[in-house]
Each structure stands twice: as structure tokens, then as C-alpha cells.
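Numbering (my numbering), first residue to last: 14 to 416.
Using N, Cα and C, we set each Cβ at its ideal position, and we do this for glycine too.
Below is one structure, written out as C-alpha cells; the observations come after it.
In C-alpha cells form, the structure reads like this:
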């Protein structure tokens, strides 16, 4: 049972390993959403995510015999690091099964805490099935990443800290994958203030909890597709589902494109790296149908490899019209390239890349293609540059989504 006594106990236990993640008021996000937005930066935890809370508390409740059998879990990365760190603290062996597509940084950091990593399956659910099989074969103690009330109790300690920092908080936004974090946070939040609203946020491509609530039973999605790998779960937890039904007031789903823009917002305005799943609550701020409320967005983690980060930044710049590509048709004669360059320079556009395609047309005198990738200040500036090129008499089209 997720009781106030157990939450208080968990809060004392996790103090041994968690870093203070005091709320950060966001002027930028407050202005964007029309609410008073505070961020709970769990991406700043020692293992880069909130998962250390639930893993450490769960392992603290095990008997010495259960720990010495060896611990095993399945995780897309954050719970893996939490279990690996906690296992090392208790002198126990840890085996972690991770999906094969898990970002390298999460794999390497899990290993750095002394855990044995097994890569298996395309998604979390397949990795979990394999972990359960290994647990049965070797007698390991299985630590579920979300479908365990004890783990959820540890995660819920976040809510206690939120109330300590902001006693009059009115809304808490919490990411949902399997549901452990949401179950813990929403249950404790309601115990502390029955009038508070807790909203879960899922990626559109893996909205298993929303589907389950609509069916009033736990369901398994046929497939999932999202860049939010930490919440890429086909089936939510059955044991924690009743707590979600009782305490989550609503669920918002956000698309990958919204997550990408949220990443850019956090990097530019708060100088923080937050992983895609951790950005769900930031992306959801634009979907809120109320104003002037005190809102806390939980940033659940910040474990992101550099390659993924660069891809997200690139796509975020495209989504914001900060980088765009145009195709200009011009006669193949001396001076035309210079003319186009001068137009762009006058409009303060910055050329990132040029491609000159002389084989666009059989009649080169009629037209060759100049593909230009540009940097601008945003949509208005982009449109200004495009208009200037068109006004000079050149035929032009935009090449969508290209760098």
C-alpha cells in the first residue's frame, strides 16, 4: 500500500543518495503558457534521473538473503542506473537487461556502476520478458522498474519535495511510461492536498496508460514508436494501475515534434540537457486549458547521448525555422550565384551550405538549381529572405525538413 507512513519512510531512506533538486521558476515557460511554471530538475540526480529513488528504496526493503541472490531488472536506461548504483551500495550483484536500441551513454554508465549489462529485444517489454526468464533460471531477485508499489513509493518522494518548495502548488505534470512515477507522485500529492490536480503526460506513439484508462483495464499496445525511449512502454503496470485511476486527473499526449522543440527551449533558456522522456511535461504546457495557476513540471531525466542530442537540436532548429533549405532556379551564366548571395547577405541570412546542380535541366541556359541551406532568426526572418529572392525574379521552392 502507498501510505503516508511509507512515503515518509522512503523520503528518509532516499536522502542518503539523492541530490537536492529544488524547484526552478521558469520565466520563459511561464510567459509561453500563461501559468506560473516551476521545474523539478530530476535530470540533475547523481544517476541522471529520478529512478534512483525507487530503486534504492526498494533494495533497502529487501532481506540480506534476497540481495545476495543477485538483483536483476529490465530498463531502457534510467532504472538500470538506479539499480546498478543501489546494488553497488549494498554490495549486491546486478544484472541489467536493456533493449538493443538503448542509447550508448545509458549502457556505459550502467556498466560503470559495476552492473552486468545484457542487451536484448527491440523495446522494453521484450527486455523485461528476458529479464524475468533469467531471474527464474539463476534465482535472481527481480526489481521491477515501475509495476511495484514499493518502487512507486520511492519515486513518490518527489511530491514531498515539491510541497516543501511550493506549498501552494496547484498542478503537477508528471511523465508516464509504465506508471510508477505517476502512481507515486499522484498518490502522495493527493494525500498531502486532496484538491491538487496531477496530470500525466505520455508520448503519442506510446500512450499505453491513456489507452488503458479509456478501456478501464490494463491493455497492451500492438506497437510503439517514439523518440522518448524512457517512456516507450507497450503495457503499463497492473499493480500500480489502480493508483493511477484514482489519483491522476487527466492525461495529455504530445508528439515527437513537440518534444524536439521543448529540448531546444530547455537548452537555450535554462542551459539544461533533458532527455526526451523528461521533456514530456514541458511539451505539455502548451496543451493546458487553464491560466494563472502554479504548475510544476517534473523533468524526469537527462541521460542523452551526444548523437541523439545533435539530431534533436538539428530537427528543433528546422521546426523553429531557424534553419531552412530553399531551391533556387537560375540561368547558368556568370554572376547569377553572386546576385543570389548578395540578396541573402542584404537580408542578414547566413548561408550554411550550397549545392550547385547543373543537371537540373537539359537546357542549362534555361535553369540550373542552387540548393541553399540558411540560418535565420525565425519564421518572420525566413519569410523575409524568401520574399527578397522571389522579388528579384528567381523561381524558388522550399525543401522541407532538409539540412
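Nearest in C-alpha terms to residue 38, of all of 204, 207, 50, is 50.
With respect to residue 36, residue 52 sits close: the two C-beta atoms are nearer than 8 angstroms. Using a C-beta cut-off of 8 angstroms, the region 206-216 makes contact with the region 289-303, since at least three inter-stretch Cβ pairs fall below that distance.
Annotated as proximal: residue 30 and residue 69, with beta-carbon spacing under 8 angstroms. Inter-residue distance for residue 224 and residue 232 is about 7 angstroms (C-alpha atoms, whole angstroms). Within the region 319-398, the alpha helix (DSSP H) runs of at least 4 residues that lie entirely inside it are, in chain order, 319-332, 349-359.
Minimum Cα-Cα distance from residue 27 among the listed residues 312, 316, 196, 167 corresponds to 167.
For residue 100, the enclosing alpha helix (DSSP H) stretches over residues 91-102. Within a 10 Å sphere around the beta-carbon of residue 55 sit 16 or more other beta-carbons, which makes this residue buried. Positions of the alpha helix (DSSP H) runs, each at least 4 residues long and wholly inside the region 167-251, are given as 193-205, 221-228 in order along the chain.
Judged by beta-carbon spacing, residue 89 lies beyond the 8 angstroms limit of residue 113, meaning their Cβ atoms are not closer than that value. Under the three-pair Cβ rule at 8 angstroms, the region 355-365 counts as touching the region 385-400.
Rounded to whole angstroms, the separation of the alpha carbons of residue 151 and residue 84 is 10 angstroms.
Taking the Cα positions, residue 257 is about 49 angstroms away from residue 410. Between the alpha carbons of residue 192 and residue 250 lies a gap of roughly 6 angstroms. Residue pairing of residue 137 in beta bridges, as defined by DSSP: absent, with no partner found.
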